[in-house]
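Taking it in order: structure first as structure tokens, then the write-up.
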Amino acid sequence: MNQPPDSVLNSRVLHHFYRDSVALMAIASATEKRDGVHRVGAVMATPANLGILADSDMLPANLDAVPDDLVFVVRGDTADIAQEALDAAEASLTAVESSGQTEEQKPGTVSEGMAAALTSAPDSPPNLATISISGTYAPVVAEQSLRAGLNVFCFSDNVPLDDEVRLKKLAADRGLLFMGPDCGTAILDGVPLGFANVVTRGTVGMVAASGTGAQEVSRLLDLAGVGVSQLIGLGGRDLSAEVGGIMARFAVDRLAADQGTEAIILVSKPPADEVADALLARLAEISRGGKPVVACFLGMADSDDPSTGVVIRGTLEGGAIAAARLAGHDLDITDLASIDPVTGRVLGLYTGGTLASEAKILLKRAHVECEVLDLGDDQYTAGKPHPMIDPGARAERIVAAGSDASVGIILMDVVLGYGANADPASPVAESAQEARRIAEADGRRLEFVASVCGTAGDPQGIERQRNILRDAGIILAETNASAVRFVATQQAGASAS
Amino acid sequence: MTILDGPLRVINVGLPLLVEGVPTADVVQLDWRPPAFGDADIARRALALENETTTEANERAITAVQSVRPQLTRIRPARDVVPGIGEGRILLHAGPPIEWERMCGPMRGALIGATLFEGWADDPDRAEAMLDAGEISVEPCHHHQAVGPMAGVIAPSMPVFVATDPNDGRVAFASLNEGLGKVLRFGAFDDEVINRLTWMRDVLGPVLDRAMQALGSIDITSLIGQALSMGDEGHNRNVAATSLLTRRLAPTIAALEPNSAAVEVLDFLAGNDHFALNVSMASAKLSMDVALGVENSTLVTAMARNGVEFGLRVAGTGDEWFTTPVGPADGLFFPGYGPEDANPDLGDSAITETLGLGGFAMAASPAITQFVGGNPDDALVATRSMRRITMRPHPAFPLPPLNFAGTPSGIDVLKVLDTGVLPLINTGIAHKQAGVGQIGAGIVTAPPEVFLKAARSLAEKRDIS
Chain L
-8 MNQPPDSVLN SRVLHHFYRD SVALMAIASA TEKRDGVHRV GAVMATPANL
42 GILADSDMLP ANLDAVPDDL VFVVRGDTAD IAQEALDAAE ASLTAVESSG
92 QTEEQKPGTV SEGMAAALTS APDSPPNLAT ISISGTYAPV VAEQSLRAGL
142 NVFCFSDNVP LDDEVRLKKL AADRGLLFMG PDCGTAILDG VPLGFANVVT
192 RGTVGMVAAS GTGAQEVSRL LDLAGVGVSQ LIGLGGRDLS AEVGGIMARF
242 AVDRLAADQG TEAIILVSKP PADEVADALL ARLAEISRGG KPVVACFLGM
292 ADSDDPSTGV VIRGTLEGGA IAAARLAGHD LDITDLASID PVTGRVLGLY
342 TGGTLASEAK ILLKRAHVEC EVLDLGDDQY TAGKPHPMID PGARAERIVA
392 AGSDASVGII LMDVVLGYGA NADPASPVAE SAQEARRIAE ADGRRLEFVA
442 SVCGTAGDPQ GIERQRNILR DAGIILAETN ASAVRFVATQ QAGASAS
Chain Y
3 MTILDGPLRV INVGLPLLVE GVPTADVVQL DWRPPAFGDA DIARRALALE
53 NETTTEANER AITAVQSVRP QLTRIRPARD VVPGIGEGRI LLHAGPPIEW
103 ERMCGPMRGA LIGATLFEGW ADDPDRAEAM LDAGEISVEP CHHHQAVGPM
153 AGVIAPSMPV FVATDPNDGR VAFASLNEGL GKVLRFGAFD DEVINRLTWM
203 RDVLGPVLDR AMQALGSIDI TSLIGQALSM GDEGHNRNVA ATSLLTRRLA
253 PTIAALEPNS AAVEVLDFLA GNDHFALNVS MASAKLSMDV ALGVENSTLV
303 TAMARNGVEF GLRVAGTGDE WFTTPVGPAD GLFFPGYGPE DANPDLGDSA
353 ITETLGLGGF AMAASPAITQ FVGGNPDDAL VATRSMRRIT MRPHPAFPLP
403 PLNFAGTPSG IDVLKVLDTG VLPLINTGIA HKQAGVGQIG AGIVTAPPEV
453 FLKAARSLAE KRDIS
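Those protein sequences? They're chains L and Y, same order as listed.
Residue numbering for the first sequence follows this note's numbering, starting at -8 and increasing by one per position.
Residue numbering for the second sequence follows this note's numbering, starting at 3 and increasing by one per position.
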């Protein structure tokens, strides 16, 4: 091996001093990293090791060492550099005692999680898996969970439809709930999962194929003083023809058998016809069995068919009022008094998908021209967090609307509860004030109407959130439906004037 | 009255946000990563494979493996004991099958050396020509119930360790360790190498065999178990096992042999810290082979490298090899050498990890923890992480620092895919040029691809698509 002609080879022998070869190789490797050091050898001076040094031209002449001796050899640019390297190598023989702390291995798989949970609390085994990983892998983890006897709350979206059907059948066969995929909300035994409000425990059991729809109905039941016994999520596709309402059926049966549940409300977009028929037949049976049932199918005509006993409501607010009444409570919603008519069209900027749907349905029924955006829809999020988590994207749109001369009223939801942003009101308030300044500078009047989907128990503090909105001049309605009615009245007034 | 069975207790896979409203004490948050190294298709097949049939087969396989108590019985010329060698011109090598043309430098060198040693050629050029012409068959050790470290070359007249299963008489073989420096297993074939091999054939082998015949047998499992409590891990650190073995043999050798031969042999053993490695390998091979062909089992029965490819065998797929190109080990180097000199990973010695020694038993071996980060706690972490991919602790290999719990033993392909944890293998590092020898040592992880391939094949066998 060719060494630089001007390099220096220095050595040090520690007599009768033993270290394992691996320890010495580690020291050599560390010492070799010093500036100006070319090669370092750190070996016990056995004939074999000295042979290795000789092979790489690292064996000093006249080395006085026997196999029990430790030898350091350093080839460096200068004698000083080599000497310092030898000092460093020798110093590193003195180890600093380690703290002995090792990090506990965190469980990485469902079966490891089961084992860890059983170790820490053998009498109380896990009974639910919450899954929010990529939809590519969610079916695998969901199946592992079901096989382990766990109910599943699957927030992940982009799960193939055939997987959903397969997993829901597997769950139902095993007597387990499969909530999802794309399930945002559940409350089980009073414990909120995902995006859920802190709702008083009560007697109405909910089954919901929509996230913010479930939140609006549950918080209105809380407001009515009824409370919720259970809220079982289904995911948005459960009542489609493909999935056939497998989990809806399973969940209403579970609630029908639940002693803590006195009335049931099912919240969904209108189901596929054959699914609706089968499900309504089952709901009628439950109703005849003594547990009254509300089917809240968004957009359907309200009806109280005495032959089946199933109350059908087409709005979230209507569903909540009907369910409260079945549980013996009245929910009175006081609509807002009208104000000076506003010119300009209605723009809905929603973070909650079902709340946006309810607004569209009611505005359509009132024949009001409008544009209602569900900003949580994939086309608006595109890789960014959901606007209920990160309100920034909606704030930008509110400000932008200030420059849109065609807009007269902006309709909004503000969703509180677990999962939601810690202070969703402030960005709405600030951006609304900014938009109003822009509009007024242009000689226009811009009004903001909102409802807060929240409860007194929510971590954000509902009164504080309401005050922030009110202080910014935002008109607050009690429910989303009430906010829409107010807007519709204004528009009717505007077109009349 | 609860809607689920009992109070809500959650396993959370993904965003902690989802369980914000659940009391912290009731949540187990997983440190999850995509299964099957991100291959969703294989993850699904692996899940489909995970059923009663597999569990039952694995139970049988690992019970059989851990019940084997290999005995060192003889040291015999390969041609007399290794099946399929006979009188033909055949040489065995490490790792999965590979043609002579594709072999790495050290393996080619070792085969040339073995050709010279057998007297089939007079000089290296002639030996190379014979190998080029296919006049000498080359086959994996693993196809002949044998294992060899590094190039792993076994020639018919070389002595081999014979490990015997006292229950059923099965046998497995390993070459005898030549020591460090210029040795055949790193591809060296000069006179010094051939002379040593000749001495091993004519003196060492027969002396050891006479001693073994007088002793009857040595229980390898208890030898290794004891060595684990003395700081060996059964693969890269063998000084305790070698000392124990030498101590067992020395009085008998001294009693039986003329003084000069006894001194030579004992001197050789005293100068070769790795002599017992090959005994450990033969014993691991014998243990793992009992599971060969256990239908539906996902137990790994062999990991081996030929310097070009890494090979994996699984009980349920019998003698099928799953292979993928292999890289060099990440390690520490002898003075004068660095990563640029390293040959891709080589040798059958990973059979020790397959059973639960070596990288899996790092906790036993504080002296060589520099391979895994430098401090003894890192060694405990390494061993614990191997628990995640193995079937159960080996009852005969207790680890003192882990309260004498057994080493993690029996790699399950399905657990590797589910956890994404790869087997850790302690290994020597060969110079890529034939004959330079060992230039370092370090640690490698088995490549993910072989486990994906194994799962695909296991699934095909079971008609899972």
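Using N, Cα and C, we set each Cβ at its ideal position, and we do this for glycine too.
Note that the structure is predicted; figures quoted are calculated from it, not measured.
Under 9 angstroms from the C-beta of residue i: neighbouring residues of chain L
i      : result
Y:A471 : Here chain Y comprises residues numbered 3 to 467, so residue 471 of chain Y is not present and cannot be evaluated.
Y:S387 : Q96
Chain-ordered chain Y contacts of residue i [CB-CB under 8 angstroms]
i      : result
L:F146 : G16, L17, L20
L:A39  : G181, L182, G183, G273
L:T121 : V12, I13, N14, V15, G16, L20, V21
L:S115 : G8, P9, R11
L:Y9   : The premise fails here: L:Y9 is roughly 11 angstroms from chain Y at the closest Cβ pair, so nothing lies under 8 angstroms.
Per-residue DSSP class, three states only, for residue i
i       : result
L:A106  : helix
L:G126  : coil
L:M(-8) : Caution is warranted here: a pLDDT of 44 is assigned to L:M(-8), below 50, making its placement in the model unreliable, and the coordinate value is therefore given only provisionally. Note: L:M(-8) maps to coil in three-state DSSP.
Y:L279  : helix
L:T325  : coil
Y:A293  : coil
Y:V21   : helix
Y:T162  : One point to set straight first is that residue 162 of chain Y is Val, not Thr, in the sequence displayed. Here Y:V162 sits in strand by DSSP.
L:A487  : Summary for L:A487: the model assigns pLDDT 40, below 50, so the residue's position carries little reliability, and this model does not support an answer.
L:D249  : coil
L:F493  : Look at the range of chain L in this structure, -8 to 488, and you will see that residue 493 of chain L is not part of it.
Y:F1    : Because chain Y in this structure spans residues 3 to 467, residue 1 of chain Y falls outside the shown range and cannot be described.
Y:H396  : strand
Y:M305  : strand
L:R3    : strand
First through last residue of the alpha helix (DSSP H) which encompasses residue i
i      : result
Y:R458 : 450 to 463
L:F439 : Counting along the chain, L:F439 falls outside any alpha helix (DSSP H), though it belongs to the beta strand (DSSP E) covering 438 to 444.
Y:E194 : 193 to 201
Y:F119 : 107 to 119
L:I277 : 264 to 279
L:T100 : No alpha helix (DSSP H) holds L:T100; DSSP gives it neither H nor E.
L:L353 : 344 to 356
Y:P126 : 126 to 134
Beta-carbon neighbours of residue i, restricted to chain L and to distances below 8 angstroms
i      : result
Y:Q372 : V13, A14, M16, A17
Y:L301 : Ordered by position in chain L, no residue passes the 8 angstroms Cβ test against Y:L301, which lies about 17 angstroms from the chain.
Y:A369 : D11, V13, A14
The beta strand (DSSP E) enclosing residue i, as first and last residue numbers
i      : result
Y:T311 : Looking at the sequence provided, one finds Glu at residue 311 of chain Y rather than Thr. Element bounds for Y:E311: 311 to 316.
L:Y341 : 336 to 341
L:M35  : 28 to 35
L:A254 : 254 to 259
L:A17  : From DSSP, L:A17 is part of no beta strand (DSSP E) but of the alpha helix (DSSP H) over 12 to 22.
L:S417 : Looking at the DSSP string, L:S417 is not in any beta strand (DSSP E); the run it does join, the alpha helix (DSSP H), is 416 to 432.
Y:I427 : 426 to 432
Y:R76  : 73 to 79
Chain Y residues whose Cβ lies nearer than 7 angstroms to that of residue i
i      : result
L:D414 : Result: empty, since nearest Cβ-Cβ is about 15 angstroms, beyond 7 angstroms.
L:I43  : F336, P337
L:N118 : L6, D7, G8, L10, R11
Chain-ordered chain Y contacts of residue i [CB-CB under 9 angstroms]
i      : result
L:R428 : Per Cβ cutoff of 9 angstroms: no residues; L:R428 is ~34 angstroms from chain Y at best.
Name the residues in the stretch 13 to 30 of chain L whose C-beta lies less than 8 angstroms from a C-beta of chain Y; which are they?
-> Under the 8 angstroms Cβ criterion, the stretch 13 to 30 of chain L contributes V13, A14, M16, A17, A19, S20, R30.
Three CB pairs or more closer than 8 angstroms across the stretch 394 to 408 of chain Y and the stretch 42 to 50 of chain L = Touching, no.
Could you name the residues of the stretch 24 to 54 of chain Y whose beta carbon sits closer than 7 angstroms to any beta carbon of chain L, in the order they occur along the chain?
-> Listed by position, the residues of the stretch 24 to 54 of chain Y near chain L (Cβ gap below 7 angstroms) are V24, V30, L32, D33, W34, R35, P36, P37, A42, A45, R46, L49.
Evaluate the contact criterion for the stretch 443 to 461 of chain L versus the stretch 364 to 381 of chain L: three or more CB pairs, one atom per stretch, below 8 angstroms.
-> Flag = no, the stretch 443 to 461 of chain L and the stretch 364 to 381 of chain L do not touch.
Using a Cβ-Cβ cut-off of less than 7 angstroms, give me the residues of the stretch 416 to 433 of chain Y that come near chain L, in sequence order.
-> Correct list: D420, T421.
Is the stretch 169 to 186 of chain L touching the stretch 211 to 230 of chain L, taking contact as three or more C-beta pairs under 8 angstroms?
-> Output reads yes: the stretch 211 to 230 of chain L touches the stretch 169 to 186 of chain L.
Interface positions of the stretch 174 to 190 of chain L facing chain Y (Cβ-Cβ less than 7 angstroms), listed along the chain = Cβ contacts with chain Y come from L179, D180, V182, P183, L184, G185, A187.
Residues in the stretch 224 to 247 of chain Y having any Cβ partner in chain L nearer than 9 angstroms = Hits within the stretch, in order: G233, N238, R239, V241.
For the stretch 304 to 318 of chain Y against the stretch 261 to 278 of chain Y, are there 3 or more C-beta pairs whose distance is under 8 angstroms?
-> Two segments are said to touch when three or more pairs of C-beta atoms, one from each, lie closer than 8 angstroms; by this definition the stretch 304 to 318 of chain Y does not touch the stretch 261 to 278 of chain Y.
Check whether the stretch 126 to 139 of chain L touches the stretch 210 to 220 of chain L, counting contact only when three or more Cβ pairs, one atom from each stretch, lie closer than 8 angstroms.
-> Judged by Cβ distances under 8 angstroms, the stretch 126 to 139 of chain L makes no contact with the stretch 210 to 220 of chain L, as fewer than three pairs qualify.
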